[in-house]
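Right, one structure below, let's go through it.
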Amino acid sequence: MCPSSSTRATSSGSIPAPVPTWSGSEAMPDRPLGSVKVANEVIANIASLTACQVQGIVGMYQAKARDGHRVLPASSSHKGVRVDLGNDALNLELFVVVDHSAHVPTVAAEVQRQVADAIDKMLGLEVRQVNVFVGDVRFPEDA
Numbered sequence: 001m002c003p004s005s006s007t008r009a010t011s012s013g014s015i016p017a018p019v020p021t022w023s024g025s026e027a028m029p030d031r032p033l034g035s036v037k038v039a040n041e042v043i044a045n046i047a048s049l050t051a052c053q054v055q056g057i058v059g060m061y062q063a064k065a066r067d068g069h070r071v072l073p074a075s076s077s078h079k080g081v082r083v084d085l086g087n088d089a090l091n092l093e094l095f096v097v098v099d100h101s102a103h104v105p106t107v108a109a110e111v112q113r114q115v116a117d118a119i120d121k122m123l124g125l126e127v128r129q130v131n132v133f134v135g136d137v138r139f140p141e142d143a
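The opening position of the sequence shown corresponds to residue 1 in my numbering, with each subsequent residue numbered one higher.
In structure tokens, the structure reads:
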């Protein structure tokens with residue numbers, strides 16, 4: 001299932017966010033005001049919410065052991081996203097369930113584009129890779 005916008009996550013890891021530019025009529029402060037860190041789960045939530053808005057995506061799944069997986073309830077679908085910050089590069093892995101009528105390569109490419117754009121727009125973080133893994137196809141009788 002895809003998450004609702006009220007999905008919450010707890011923080012176990014975090015990625016430093018870029019320092020925002022100063023806007024408004026006030027003068028730019030001459031000293032840093034502090035740091036901003038974004039929890040990996042926040043990045044995962046943004047990625048899963050964005051992916052679920054792409055036509056053809058019906059849910060996220062959590063990769064288990066090598067070949068196993070399970071479709072996630074809305075409250076934990078951010079677990080269908082792996083966030084990796086290595087060598088100052090943000091890489092994401094999304095585990096999705098697609099509708100039976102979807103053209104998988106087109107849907108996957110749109111997920112990649114929209115997720116990278118959403119992370120950049122909301123957090124100012126550049127995404128190096130969005131890898132999409134299709135773990136299931138949902139047919140009408142599965143619903």
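Quick reminder that beta carbons are idealized off the backbone N, C-alpha and C, glycines included. Note that the structure is predicted; figures quoted are calculated from it, not measured.
Nonlocal neighbours in the same chain, by C-beta distance under 8 Å from residue i, ignoring five residues either side
| i | result |
| --- | --- |
| His100 | Val137, Arg138, Phe139 and Pro140 |
| Asp67 | Annotation note: pLDDT 49 at Asp67 (below 50); position unreliable, no value reported. |
Among the options, nearest to residue i - alpha-carbon criterion
| i | options | result |
| --- | --- | --- |
| Leu90 | Val54, Leu123 and Val36 | Leu123 |
| Glu41 | Pro105, Lys79 and Lys121 | Lys79 |
| Ala109 | Lys37, Leu85, Val81 and Val134 | Val134 |
Own chain, CB closer than 6 Å to residue i, minus 5 neighbours either side, in chain order
| i | result |
| --- | --- |
| Val130 | Leu92, Gln112, Val115 and Ala116 |
| Ala118 | Ile46 and Thr50 |
7 Å CB neighbourhood of residue i in its chain, flanking five on each side removed
| i | result |
| --- | --- |
| Ala102 | Gly56 |
| Val83 | Asn40, Ile43, Ala44 and Leu92 |
Distance between beta carbons of residue j and residue i, contact taken as under 8 Å
| i | j | result |
| --- | --- | --- |
| Val96 | Val132 | 6 Å |
Which residues DSSP lists as bridging residue i, in chain order
| i | result |
| --- | --- |
| Phe133 | Phe95 |
Residue ranges of each alpha helix (DSSP H) run of no fewer than 4 residues wholly in the region 70-131, ordered along the chain?
104-123
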